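Since the structure comes first, as structure tokens, the remarks are kept for the end.
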Amino acid sequence: MELSYIPSGKIVVALSGGVDSCVLLHVLYQKTKDIVIAHLNHNIRGSESDADQVFVEILARKYEIPLYQKKLEEAPVSEDDARKQRYVFLQEVCDKEHAKCLAVAHHLDDQAETVLLQLLRGASAFSPMPEFASNNVWRPLLHFSKQDIIEYAQTNQIRWREDASNTENHFSRNKLRNIILPEFEKMNDQAIKHIVEFSQESLLQKQYITKQAEKYIAGRTALSRTEFIQLDSVIQHEIIHIFAPQLYKIHMKEVCLMIHRGIGRKEKHGFTLDMGMIRMKNLL
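Just so we're aligned: 84 in our numbering is position 93 of the sequence shown, and the numbers increase by one with no gaps anywhere.
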């Protein structure tokens, strides 16, 4: 498992004790010793969470790598809350260590799950996880599948902890992981790869559309309704999205329709029609 790039400087590795993060640590350790481990005990699974923490402590001693760890007094109320608290802790470690980046173990299957969740939630565009994020988060395993990671662990005799909650299918992500994606792979063994590639192509198209919309509105204090309705519909929608990102798709279509008809003052949606001009609430 070869990484195309290793950043210089200190790397904080988010280590849960699962196979993904254990493989990430092993791979990085072959390339650099300038590593710090960070582990957050979410206190969700009681003694199992404590056992994960002990396992990480043993692993840190084995590798002779500094370890930062913390146990939450109260378990998070949701997956989203757990994620937020985890990243707050990880960022604190990065700040203390003046780290170059935070390495997390997201992989290709995680990417496909994220894309499908966005689709199910009605997102207006796909937002696949980047390998390098603006907050210095680095995802070096993003191009490797879960199977690649497991095979690497088995070949290199890497031990890890299993999280029993990953088999509980009342979580949407777990349903995708354990039920839906395996069915996709039965139809096409490259299904996960194709889902991710499709999302990346869609992102490039979205970025181009956004660039064209921003170019059109640059320096304007108002938009000509006549000019606006002559634009391609996808550019119209993007312009509205830029100034009113909170709008649902149905409301965006409503706003476009009102502009085309030249009727009404939809101030609650962030725009007004005035003498043939469109004045967006946030338009500078």
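We put the beta carbon where it would ideally sit given N, CA and C, even for glycine. Since we're looking at a predicted model, the values are computed, not measured.
For residue i, three-class secondary structure by DSSP
i     : result
L58   : strand
I250  : helix
L107  : helix
F123  : strand
I(-3) : coil
R243  : Note that residue 243 is Met in the sequence shown, not Arg. Of the three classes helix, strand and coil, the one that applies to M243 here is helix, per DSSP.
Y206  : A quick correction: the sequence has Lys, not Tyr, at residue 206. In this structure, K206 counts as helix in the three-state DSSP scheme.
Q102  : helix
H134  : coil
Counterpart residues of residue i in DSSP-defined beta bridges
i    : result
V68  : Paired residue(s): none; V68 is not in a bridge.
N283 : The structure shown does not extend to residue 283, since the chain is modelled only from -8 through 275, so no value can be given for it.
C92  : I2
V27  : V3
V128 : L93
Residue i, buried or exposed, once every other Cβ within 10 Å from all chains shown has been counted against 16
i    : result
G253 : exposed
V225 : exposed
Q227 : buried
F234 : buried
D43  : buried
A103 : buried
M243 : buried
R130 : buried
A90  : buried
H260 : Caution is warranted here: a pLDDT of 48 is assigned to H260, below 50, making its placement in the model unreliable, and the coordinate value is therefore given only provisionally. When all chains shown are included, H260 counts as buried.
I170 : exposed
G8   : buried
Presumed contact (8 angstroms Cβ cut-off) between residue i and residue j, rounded CB distance
i     : j    : result
L(-6) : L6   : Their Cβ separation, rounded to whole angstroms, is 17 angstroms, which puts L(-6) and L6 out of contact at 8 angstroms.
N32   : L81  : Not really, about 13 angstroms apart at Cβ, beyond 8 angstroms.
E83   : N34  : Their Cβ separation, rounded to whole angstroms, is 18 angstroms, which puts E83 and N34 out of contact at 8 angstroms.
V106  : S40  : The Cβ separation is near 29 angstroms, so there is no contact.
H97   : M120 : 6 angstroms
L93   : V3   : 5 angstroms
P57   : I28  : 7 angstroms
Near the ligand ZN: residue i beta-carbon under 8 angstroms from a heavy atom
i   : result
A66 : The ligand ZN is absent from the structure shown, which contains no ligands of any kind.
Kindly provide the ranges of any alpha helix (DSSP H) runs that are 4 or more residues long and lie completely inside the region 144 to 190, ordered along the chain. You should have 163 to 166 and 172 to 178.
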